[in-house]
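> Numbering (the working numbering), first residue to last: 47 to 279.
All C-beta atoms, glycine included, are put in the ideal place defined by N, C-alpha and C.
Below you'll find the structure I mean.
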């Protein structure tokens with residue numbers, strides 16, 4: 047299940063078994079806004095509150111779609127037939143979406159690149175390049191001012207994918223791409239790894255998940271100072 051909260055804080059959107067629902071934050075009856083044969087997941091409200099982006103296989107493979115907040119006006123944004131897309135996140139202007147494009151080669155899991163698309167269509171703009179076909183990158187998230195793109199990337203040694211890695215070691219790290227200059231840096235790289243980056247509305251903090259001994263733990267870091275602390279232990 048994936049869940050998002052509208053910018054006005056009044057509504058929740060979530061997916062359940064390939065259908066998408068909305069409901070008031072205060073509780074109540076969930077409303078089906080996208081259902082049927084297609085598998086629709088990963089809904090995200092646009093910053094202006096007008097649209098919801100989501101991943102759907104309605105066209106035959108996973109692509110990024112948008113719809114109005116009430117479920118009307120469904121429109122396909124990306125039209126890939128092989129390099130499929132997911133993990134869509136909005137730019138602050140609500141006119142562009144950043145998503146993970148998935149590349150497969152010698153193994154089924156493949157690797158990802160971050161691409162940006164106008165919601166009215168087009169070929170998209172490549173933002174990051176995969177370092178090989180074995181080590182993945184994904185989970186993009188954009189800062190509120192639109193300057194920085196954060197994403198997780200497999201930074202484990204060597205070019206080959208391995209199962210049964212030590213989860214308390216360093217597998218994934220959080221990377222920061224300056225969209226103004228193109229400079230790519232590593233923001234969080236530590237024991238237990240770091241994934242699922244989510245920037246706070248003021249852009250000062252970033253939440254992420256890391257492994258602490260036998261469980262996954264939610265952490266928050268001050269982006270400027272590097273100070274971090276657990277939310278749950």
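Quick one: residues in its chain with C-beta nearer than 8 Å to the C-beta of residue 95, no 5 flanking neighbours on either side, listed in chain order?
Residue mapping note: residue 95 aligns to position 49 of the chain shown, counting from 1. Contacts found: 52, 53, 54 and 115.
> Taking the alpha-carbon positions, what's the residue 93 to residue 200 distance?
For the purposes of this step, residue 93 is identified with residue 47 of the chain shown, where counting begins at 1. For the purposes of this step, residue 200 is identified with residue 154 of the chain shown, where counting begins at 1. If you take the alpha carbons of residue 93 and residue 200, they lie about 29 Å apart.
> Could you have a look at residue 45 and say whether DSSP puts it in helix, strand or coil?
Since the first residue of the chain shown is 47 and the last is 279, residue 45 is not available in this structure.
> Within its chain, find whatever has a CB closer than 8 Å to the CB of residue 242; leave out the 5 residues flanking it on each side and keep chain order.
Within the chain shown, the letter at position 196 stands for residue 242. Closer than 8 Å at Cβ, skipping near neighbours: 185, 198, 253, 254 and 255.
> Go ahead and label residue 181 buried or exposed: buried means 16 or more other beta carbons lie within 10 angstroms of its beta carbon, across all protein chains shown.
Indexing the chain shown from 1 puts residue 181 at position 135. By the neighbour-count rule (16 or more Cβ atoms within 10 Å), residue 181 is buried.
> In terms of alpha-carbon separation, which member of 90, 81, 83 and 142 lies closest to residue 58?
For the purposes of this step, residue 58 is identified with residue 12 of the chain shown, where counting begins at 1. Comparing Cα positions, the closest option is 90.
> Return the bridge partner residues of residue 266 from the DSSP annotation.
For the purposes of this step, residue 266 is identified with residue 220 of the chain shown, where counting begins at 1. BP columns for residue 266 point to 253 and 275.
> Confirm, please, whether the CB-CB distance from residue 112 to residue 124 is below 7 Å.
Here the question's residue 124 lines up with position 78 in the chain shown. Here the question's residue 112 lines up with position 66 in the chain shown. In this structure, residue 112 does not lie closer than 7 Å to residue 124 by Cβ.
> Which complete beta strand (DSSP E) runs does the segment 184 to 222 hold, if anything under 3 residues is left out?
The qualifying runs are 194 to 200.
> Under three-state DSSP, which class holds residue 88?
The residue given as residue 88 occupies position 42 in the chain shown. Residue 88: strand per DSSP, three-state reduction.
> With C-beta atoms as the reference, is residue 238 less than 7 Å away from residue 218?
Locating residue 238 in the chain shown gives position 192, where the first residue counts as 1. Locating residue 218 in the chain shown gives position 172, where the first residue counts as 1. No, they are not a contact pair.
> Run the CB neighbour count on residue 139, radius 10 Å, all protein chains shown included, and call it buried at 16 or more, exposed below.
Stepping through the chain shown from its first residue, residue 139 is reached at position 93. Per the 10 Å Cβ criterion, exposed.
> Any idea what DSSP makes of residue 180, helix, strand or coil?
Here the question's residue 180 lines up with position 134 in the chain shown. Three-state DSSP puts residue 180 in coil, outside helix and strand.
> Taking the Cβ atom as the reference point for each residue, do residue 84 and residue 108 lie within a distance shorter than 7 Å?
Residue 84 sits at position 38 when you count from the first residue of the chain shown. Residue 108 sits at position 62 when you count from the first residue of the chain shown. Against a cut-off of 7 Å, the Cβ pair of residue 108 and residue 84 comes out as no contact.
> Thinking C-beta only, is residue 76 closer than 7 Å to residue 99?
Mapped onto the chain shown, residue 99 falls at position 53. Mapped onto the chain shown, residue 76 falls at position 30. Contact: no.
> CB-CB under 7 Å to residue 328, same chain, minus the five flanking residues each way: which ones, in chain order?
Residue 328 lies beyond the stretch modelled for the chain, which goes from 47 to 279, so this question has no answer here.
> For residue 179, tell me which candidate among 159, 223, 226 and 192 has the shortest Cα-Cα distance.
Stepping through the chain shown from its first residue, residue 179 is reached at position 133. Comparing Cα-Cα distances from residue 179 to each of 159, 223, 226 and 192, the minimum goes to 159.
> Under the assumption that residue 264 contacts residue 277 (Cβ atoms under 8 Å), give the Cβ distance between them as a whole number of angstroms.
On the chain shown, residue 264 is found 218 positions in, with the first residue counted as 1. On the chain shown, residue 277 is found 231 positions in, with the first residue counted as 1. That pair is a contact at about 4 Å.
> What does residue 149 pair with, by DSSP beta-bridge criteria?
What you label residue 149 is simply residue 103 of the chain shown in a count that begins at 1. Bridge partners of residue 149: 157.
> Tell me which same chain residues have a C-beta within less than 7 Å of the C-beta of residue 193, skipping the five on either side of it?
Here residue 193 is taken as the residue at index 147 of the chain shown, counted from 1. Counting only Cβ-Cβ distances below 7 Å, and skipping sequence neighbours, we find 224, 225 and 226.
> Reducing DSSP to helix, strand and coil, say where residue 243 ends up.
Here the question's residue 243 lines up with position 197 in the chain shown. Looking at residue 243 - three-state DSSP - the assignment turns out to be strand.
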